[in-house]
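There are 2 protein chains.
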Amino acid sequence: MTYQLDEQVGFLLRRAHQRHTALFAEHMPAGLTPTQFSALARLNERGPMSQNLLGREIAVDAATIKGVVDRLVTRGLVAVAPDQEDLRRVTVSLTEEGVAFVAECIPIAQEVSELTLAPLADRERTQLLADLDRLASGVQPEARSPSS
Amino acid sequence: MTYQLDEQVGFLLRRAHQRHTALFAEHMPAGLTPTQFSALARLNERGPMSQNLLGREIAVDAATIKGVVDRLVTRGLVAVAPDQEDLRRVTVSLTEEGVAFVAECIPIAQEVSELTLAPLADRERTQLLADLDRLASGVQPEARSPSS
DNA sequence: AGATATTCATTCGTGTACACATGAAAGTCG
DNA sequence: CGACTTTCATGTGTACACGAATGAATATCT
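Going down the list, the protein sequences come from chains A and B.
Per the working numbering, residue 1 is the first one in the first sequence, and the count goes up by one each step.
Per the working numbering, residue 1001 is the first one in the second sequence, and the count goes up by one each step.
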């Protein structure tokens, strides 16, 4: 009875994410998706790594990262090579073109973040990011226990 | 250089939404998805409406709502009927089974919302929901203008 | 070493999510 | 009324997103 869809976290998270995605698509070049950019940004931050690890690093499962990497390879932004030490692994790394491309995209990504957060004041932004991180991590608020 | 993927709103929104979806899947019966439930909940709140309007009411585009409604029809939770006044429209309504099913699901949905928000204290929850709503709506904070 | 378990990459199937195009039906305006 | 525009439903194509299964390679443990 008292259930209001518009007040549910899940629904609000979906709509907020939806607006961010729209802003991203509007400002990023050549149909680069948020997930694709995340992969590029992570490789840029941490260097080459196996495909599965890259997926873990950006919270994308093994089945999904496969397609993401494939598309980045097609665009020439990323290269894959077999790992010598572990024959199961495929190492993913940025190409020269990929490095240059990420450099171009980062300022745009920052602008998109800014536009997404535009409705909030600085203090609120900081708080929101911290809270979202806790939601994403599922951190339990320390139950007041005698220990510690 | 100073770009940190883990601190970007878009990335955090995606991960928070991801955790919510996982909790939803874990607790909801029979593989009902958040989007499917949103449709049912909206029909329950507002009564029968055209398929496109239902999509608008839950922020899902026309192409997507088609598939959602089709699956709900297959499950027997929803029925579609041609609108007499407007021959383009298809009216979507809950079936008896659908009404009973939503009633069962609502308490579970509330539990999922509770679990999703578990990392936050009450005051933080209220603030987060308000902020997410503003992000989703893209409301511009009134620039301090002389007028009004 | 040998049996067992885990990891990695891949494939399949299902379900959003959205851009774009199309045809039928309304609505609008001169 | 007739031309123009908008709305509605639908279809196509692309891109996540994830569960489940598979086979090869590696790790673990006795």
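Virtual Cβ for every residue (Gly too), placed ideally from N, Cα, C.
- Here A:ASP131 is buried. Its C-beta has 16 or more other C-beta atoms within 10 Å.
- The beta-carbon distance between B:LEU1128 and A:LEU23, rounded to whole angstroms, is 20 Å. This is too long to meet the 8 Å contact definition.
- With respect to chain A, the C-beta atom of B:VAL1112 has a partner C-beta closer than 9 Å.
- Near chain A, meaning a CB-to-CB distance below 7 Å, the residues of the segment 1054-1084 of chain B are ALA1059.
- Pairing A:ALA121 with B:ALA1016 gives a Cβ-Cβ distance that is not under 9 Å.
- Around the C-beta of A:LEU87, fewer than 16 other C-beta atoms lie within 10 Å, and the residue is accordingly described as exposed.
- Between B:GLY1076 and the set B:GLU1007, B:ILE1058, B:GLN1110, B:VAL1092, the nearest pair of CA atoms involves B:VAL1092.
- Beta-bridge annotation (DSSP): B:THR1033 is not paired with any residue.
- When DSSP states are grouped into helix, strand and coil, B:PRO1048 belongs to the coil group.
- A straight line joining the alpha-carbon of B:ALA1118 with that of A:THR95 spans about 42 Å.
- When only Cα atoms are considered, A:ASP70 and B:GLU1104 end up about 43 Å apart.
- Listed in chain order, the non-local C-beta contacts of A:GLY47 below 8 Å within the same chain comprise SER93, local neighbours out to five positions each way being set aside.
- For A:PHE101, no Cβ of chain B is located within less than 9 Å of the residue's own Cβ.
- Assignment of B:PRO1082 by DSSP, reduced to helix, strand and coil, places it in the strand class.
- DSSP places A:THR2 outside both helix and strand once states are collapsed to three, so it counts as coil.
- Contact annotation for B:PRO1048 against chain A: no contact, minimum CB-CB distance about 16 Å [criterion: below 7 Å].
- Chain-order list of chain A residues neighbouring B:GLY1138: ARG19, PRO119, by C-beta distance under 7 Å.
- B:ALA1109 places its beta carbon less than 9 Å from that of A:GLN8.
- Taking C-beta atoms as the reference points, A:VAL78 and A:GLY98 count as a pair closer than 9 Å.
- Relative to the Cα of B:GLY1031, the nearest Cα in the group B:LEU1072, B:ARG1089, B:PRO1141 belongs to B:LEU1072.
- DSSP links B:THR1064 through a beta bridge to no other residue.
- DSSP places A:THR91 in the strand class (E or B) of the three-state scheme.
- With fewer than three CB-CB distances shorter than 8 Å, the segment 1043-1063 of chain B does not count as touching the segment 36-47 of chain A.
- By the rule that beta-carbons nearer than 9 Å mark a contact, B:LEU1129 touches chain A.
- Where A:VAL102 is concerned, the enclosing alpha helix (DSSP H) starts and stops at 96-117.
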